[in-house]
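Asker:
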Amino acid sequence: MAKRIGLFICWCGSNIGGVVDVPRVVEETKNYPGVAFATDYKYMCSEPGQNLIISKVKEHNLDRVVVASCTPMLHEPTFRKAIARAGLNPYMFDMANIREQCSWVHSNDKEAATQKAIALVKRALAKVSQVEPLFESSIPITKKALVVGAGIAGIQVALDIADSGHEVILLERESTIGGNMVKLDKTFPTMDCSACISTPKMVQAAQHPNITIMTYAELVDVQGYIGNFEITIKQKARYVDHTICTGCGLCTEKCPTKVLSSFELGMGKRKAIYIEFPQAVPNKPVIDPDNCRYLKNGKCGICKKLCPVGAVDFEQKDELIEEKVGAIVIATGYDLIKWEEIYGEYGYGRFKDVITGLQFERLVNASGPTNGLIQRPSDGKEPKTVVFIKCVGSRDEAKAKEYCSRACCMYTAKHAHQVIEKIEGGHAYIFYMDVRTPGKAYDEFYRRTVDEGAQYIRGRVSKIYQSGDKLVVMGADTLLGSAVHIEADLVVLATAMVPTEGSEKIAQLAGVNIDKDGFFIEAHPKLRPVETMTGGVFLAGACQGPKDIPDTVSQASGAAAKVAALLSNEEMATDPMICHIDEKMCSGCLVCKEVCPYKAISEKTITERIAGQPVERMVASVNTGLCQGCGNCTVACRAGAANLKGYTNLQLLSEVDALCR
Amino acid sequence: MSIDTENKEFYPNIVGFTCNWCSYTGADLAGVSRMKYKPNVKVIRVPCSGRVNPAFVLRAFQKGADGVLVSG
């Protein structure tokens, strides 16, 4: 049967029509072989435009359609749906991009633009002459999500997904959930106690019937695709059987080994068998194998002897657990930049009384190592003069990171306020580059701190050195144009946020891209901020870029909404533009298997009858769920048995021919 | 190939194969940014530069293209 192509050329108002002579394009292409109807219209994507296509398909009995308009990225789905409404297979369609790749870039030469538009339309006509109906298939969705990282972002994502009725695995590599937020003292600008607002959420997550918390565990493998991921989790040995441990705490009390606590950022100590902090979830200890005397030397074992329920198990081994999930949310958060390795002017970490903002949080925290008394690490004295230095590692192209870490201006204002409030006769000096306080009630908070007496000095610090028990801070006041010397008791650095250690590995496993600084890249910075370019993988919190708590929580809820929408479907449609192997032509060499980046090709044995006898032989077989339609196999196949639906050899060759004519 | 005999100028006809996910979108971005370039290059959208069979390139030259751009 002869092909009956419908050709619809769009003016896009003056976007195309102002440059390309649209009626002439119609005139020059309407006699192309197979074109049964051709017309132009002001706005083809509008409702009357779509109705025009539908009515002409029916009126002229068209069997395939070309629309020449904007980029297919924008309206290919729109027009496919329109021709489906007209009763055609939606893949009996092609578009000519005569706006982004013609009228907009050649507006200085209208004649040439018109000629090119004619060529581009002919290319689309050549392709559409070769298209065949394609059919979407569907795959089931595993209605369970994995959340990697259980800081405030991960907890919020897990709670929101769980509340929408889906199961969630909340994965955390530390022995407790809570992340960085539980280390903080107060939160700006409301001065809510951080633990008071975050620990109830931790408990809520632990008690939610849809949430399975896996702490002290890491993601080690991800296979599969959107809706059907197969993940492997390594449960690290805790050496304590949490199914029988009651969390009585006798073991931690009696353990003879004391080491610096990472939770306290080296400001306090913990035992070798430990619970990170009193409100930890789960509130049961783990043994640190690097410091436990029994695990290192086979001596001690006092915890095992004392445990009233016999929960200590030195024989415990790491365990691999396999799970199936439909969606993955990455919420791996941030670390602070290792300033000690970069900033010689601040002493490379030699001075005990030069600390980070997060360490200051522990100092001022009632449940911290000093019970909330601000005491400097070197001698435990209360500091009277505290100097804050902002943008340490942030906005420093030369030595560290280009970006602004966003939260530091506000937490430094908070710290200055706490110094003035808690220390009698306390002075706070803040060296800053700019003060950035965009956020609800943020600038008001900063102003209040200035009014309380915090002294903001615009300039950088060039050197810190020890003089007696004082730290001399040498800086510049660029507003006064003079040098500044301050004899400080304590110096607090507002260090840059960087992606947490190991996030690169998570990116590799989940197949998500990271930017030059290691932050995960969202699918679109404005319109798809919580999705990634990998279907079924979403982002929340500071792993995507530096953020404060309100932004993190909003983004987490956004990601959860996306996951809930995905998991609310029983099954999902798959793209039909995937590889097809012609078994008659396939020799079973499996070169295609080698080049497939998605591991979608495997071998399969078929039985053929040759001279009346059944003969078994091997051919390549495509997993339609895994194939992403890249077409690498089609080029590798020497027999020409592999072909890509929607981009067949014949279609591409006819496009080449059309453009070379 | 077309040669303007009066000005002795050469207008090569260039066939481009651009990956749907990067270069094709890049060409769109050039349009959105209202950049200008010569109209000699005409693009065929492919799902991946790995889809470009060398035979397509040869076919283009065989049929008279002066240049082929594969980008992805």
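Just so you know, the protein sequences line up as chains A and B, in that order.
Per my numbering, the first sequence starts with residue 1, numbered consecutively.
Per my numbering, the second sequence starts with residue 662, numbered consecutively.
All C-beta atoms, glycine included, are put in the ideal place defined by N, C-alpha and C.
Leaving aside the five residues before and after residue 162 of chain A along the sequence, list all residues of the same chain whose C-beta is less than 6 Å from its C-beta, in chain order.
Answerer: 168, 208, 210, 211
Asker: Name the residues in the region 62-82 of chain A whose C-beta lies less than 8 Å from a C-beta of chain B; which are they?
Answerer: 71, 72, 73
Asker: Is residue 447 of chain A buried or exposed, if buried means 16 or more other CB atoms sit within 10 Å of its CB?
Answerer: exposed
Asker: Looking only at its chain, what residues have a beta carbon closer than 8 Å to the beta carbon of residue 706 of chain B, apart from the 5 residues adjacent to it on each side?
Answerer: 679, 681, 685
Asker: Is it the case that the region 628-642 of chain A contacts the region 694-712 of chain B, given that we only count it when at least three CB pairs across the two stretches are under 8 Å?
Answerer: The answer is yes - the region 628-642 of chain A touches the region 694-712 of chain B, with three or more Cβ pairs under 8 Å.
Asker: Taking 9 Å as the cut-off, decide whether the C-beta atoms of residue 340 of chain A and residue 461 of chain A are in contact.
Answerer: Residue 461 of chain A sits away from residue 340 of chain A, with the two beta carbons spaced by 9 Å or more.
Asker: Using 8 Å as the cut-off, can you tell me whether the region 473-481 of chain A makes contact with the region 436-447 of chain A, which would need three or more C-beta pairs spanning the two stretches below that distance?
Answerer: Output reads no: the region 436-447 of chain A does not touch the region 473-481 of chain A.
Asker: Mapping DSSP to helix, strand and coil, what is residue 594 of chain A?
Answerer: helix
Asker: At least one CB of chain B closer than 9 Å to the CB of residue 113 of chain A: is that the case?
Answerer: yes
Asker: List the residues of chain A that residue 717 of chain B touches, going by C-beta distances under 7 Å, in chain order.
Answerer: Think of a sphere of 7 Å around the beta carbon of residue 717 of chain B: the chain A residues whose beta carbon falls inside it are 652, 653, 656, in chain order.
Asker: Against residue 709 of chain B, what residues of chain A qualify as contacts under a CB-to-CB distance less than 7 Å, listed in chain order?
Answerer: 630, 631, 632
Asker: Who are the Cβ neighbours of residue 512 of chain A in its own chain at under 6 Å, not counting the five residues just before and after it?
Answerer: 520, 532, 534, 537
Asker: Quick one: what's residue 677 of chain B bridged to in DSSP?
Answerer: B/704, B/730
Asker: In the DSSP assignment, find the unbroken alpha helix (DSSP H) run with residue 343 of chain A in it and report its ends.
Answerer: Where residue 343 of chain A is concerned, there is no enclosing alpha helix (DSSP H), given that its DSSP letter is neither H nor E.
Asker: Helix or strand or just coil, what does DSSP make of residue 50 of chain A?
Answerer: helix
Asker: Per DSSP, which one or two residues make a beta bridge with residue 335 of chain A?
Answerer: A/498
Asker: Give me the chain A residues within the contact set of residue 731 of chain B, using Cβ-Cβ distance strictly less than 7 Å, ordered along the chain.
Answerer: Simply none; closest approach about 12 Å.
Asker: My assumption, with CB atoms under 8 Å, is that residue 276 of chain A sits in contact with residue 174 of chain A. Please give the rounded CB distance.
Answerer: 7 Å
Asker: Enumerate in chain order the residues of its own chain whose CB-to-CB distance from residue 268 of chain A is below 6 Å, with the five nearest sequence positions on each side excluded.
Answerer: 261, 369
Asker: Go ahead and pull the three-state DSSP assignment for residue 645 of chain A.
Answerer: coil
Asker: Note the first and the last residue of the continuous beta strand (DSSP E) segment covering residue 614 of chain A.
Answerer: 613-622
Asker: Leaving out five residues on either side along the sequence, give the residues of the same chain with a beta carbon under 7 Å from the beta carbon of residue 26 of chain A.
Answerer: 9, 38, 39, 40
Asker: For residue 4 of chain A, which of helix, strand or coil comes out of DSSP?
Answerer: Reduced to three states, the DSSP call for residue 4 of chain A is coil.
Asker: So, does the region 578-590 of chain A touch the region 635-645 of chain A, judging by three or more C-beta pairs under 8 Å?
Answerer: yes
Asker: If we ignore side chains and look at the alpha-carbon of each, how far apart do residue 660 of chain A and residue 732 of chain B end up?
Answerer: 18 Å
Asker: Would you mind stating whether residue 605 of chain A and residue 614 of chain A have Cβ atoms separated by less than 9 Å?
Answerer: For residue 605 of chain A and residue 614 of chain A, no; Cβs fall outside 9 Å.
Asker: Can you tell me the Cα-Cα spacing of residue 671 of chain B and residue 693 of chain B, whole angstroms?
Answerer: 28 Å
Asker: Quick check on the burial criterion: 16 or more other C-beta atoms within 10 angstroms. Buried or exposed for residue 92 of chain A?
Answerer: The residue in question, residue 92 of chain A, is buried, as its Cβ has 16 or more Cβ neighbours within 10 Å.
Asker: For residue 155 of chain A, which residues in the same chain have their Cβ closer than 6 Å to its Cβ, ignoring the five residues on either side in sequence?
Answerer: 201, 205
Asker: Beta-carbon of residue 700 of chain B versus every beta-carbon of chain A: anything under 9 Å?
Answerer: yes
Asker: Compare the C-alpha of residue 598 of chain A against each of A/32, A/16, A/222 and name the closest.
Answerer: A/222
Asker: What three-state label does DSSP hand residue 454 of chain A in the structure shown?
Answerer: coil
Asker: Among A/6, A/438, A/489, which one has its Cα closest to the Cα of residue 86 of chain A?
Answerer: A/6
Asker: Give, in chain order, every unbroken run of the alpha helix (DSSP H) that is at least 4 residues long and sits entirely within the region 224-261 of chain A.
Answerer: 250-254
Asker: Check this for me: beta carbons of residue 362 of chain A and residue 489 of chain A, under 9 Å apart or not?
Answerer: Between residue 362 of chain A and residue 489 of chain A, the CB-CB gap reaches or exceeds 9 Å.
Asker: For residue 140 of chain A, write down the residues that DSSP places opposite it in a beta bridge.
Answerer: A/571
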